Amino acid sequence: MDFNELVKTTGGLLSFNNFLSTSLDREVSLAFAESNHSDPHLIGVLFETTSNPSTSTTVFAQIHDVSYFEGEKEILFSVNSIFRIGSIKEIDGNNRLWQVDLTLTSDNDPELLALTEGMRQEIYSYIDGWNRLALEIRQKALPSNHPDLATSYDNIGVAYSNVDDYLNALSSHQKALNIREKALPSDHPELSPYYNVIAEISLPSNHPYVQLYGDNLQRAKKKV
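Here my numbering is used: the first residue of the sequence shown is 26, the next is one more, and so on.
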């Protein structure tokens, strides 16, 4: 981690892409921060964290009972824990030893929510592009009722569901179901999982599709 970049992002978010081991004993953590003092090219950083389990679902736990080093009073944070960067200050006037205050983000943090949504959209665009390419190739190579086409439509439907675009998800799964129903009657038990997928898509309870798929699902279950 580049310390100068960290300073520039004061007030922003910081994520650790592995498990984060911390200690309730400041002296233990400080000893680690000071351990690189002999290298003039390195800066020691002591992270002081504040965590409120009532506002965040990030998993962390006190593990000193099972830790190899019991005296360290270790607290372990889960992978990809995200913190808000607070004040950054020198420790005892030493410009190569700094304390960075971190606060575990709450689940309703506006910036975190916006960041998460942006990442979801980016991942969706990437996955959706490949799914559509696969569908286009299959459409050119396979007959219109081939089950592989249904699989492609289902994959696209899943991508839509992952970004909460349920109407387009429903449309894609419907196209997949139409293909499968050309080979099987609508109440065939093998169609039950596909009715289930559609039934789980979030739509108003009075939406006509909800009633339609619910009825078909019940008939299919009776034949299992």
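Quick reminder that beta carbons are idealized off the backbone N, C-alpha and C, glycines included.
Note that the coordinates shown come from a computational prediction; the quantities given were computed from them, not determined experimentally.
- Under the 8 angstroms Cβ criterion, the region 38 to 48 counts as touching the region 127 to 145, having at least three qualifying pairs.
- When rounded, the separation of the alpha-carbon atoms in I68 and E59 is 9 angstroms.
- At a Cβ-Cβ threshold of 8 angstroms, S103 and F85 count as neighbours.
- Annotated three-state conformation of T34 is coil, per DSSP.
- Exposed is the label assigned to N133, since fewer than 16 other Cβ atoms lie within 10 Å of its Cβ.
- Runs of the beta strand (DSSP E) lying entirely within the region 146 to 179, each at least 3 residues long, are absent.
- Per DSSP, the beta bridge partners of E99 are S48.
- Boundaries around N203 are those of the alpha helix (DSSP H), Y191 to A208, since no beta strand (DSSP E) includes it.
- Beta bridge pairing from DSSP links D126 with E73.
- Under a 10 Å Cβ-count criterion, V32 is classified as exposed, with fewer than 16 other Cβ atoms of the shown protein chains found around its own Cβ.
- In terms of CA proximity to I110, T130 leads the group D117, T130 and D212.
- Here L49 has K98 and I100 as same chain residues with Cβ atoms under 7 angstroms from its own Cβ, once five neighbours each way along the sequence are excluded.
- For T47, the CB contacts under 8 angstroms within the same chain, skipping 5 residues up- and downstream, are S54, F72, T74, E99, I100, L101 and F102 in chain order.
- Taking 8 angstroms as the cut-off, the Cβ atoms of N170 and I204 count as close.
- A distance below 8 angstroms separates the beta carbons of V188 and R145.
- Where S112 is concerned, the enclosing beta strand (DSSP E) starts and stops at I107 to I116.
- Rounded to the nearest angstrom, the gap between the Cα atoms of D126 and S76 is 11 angstroms.
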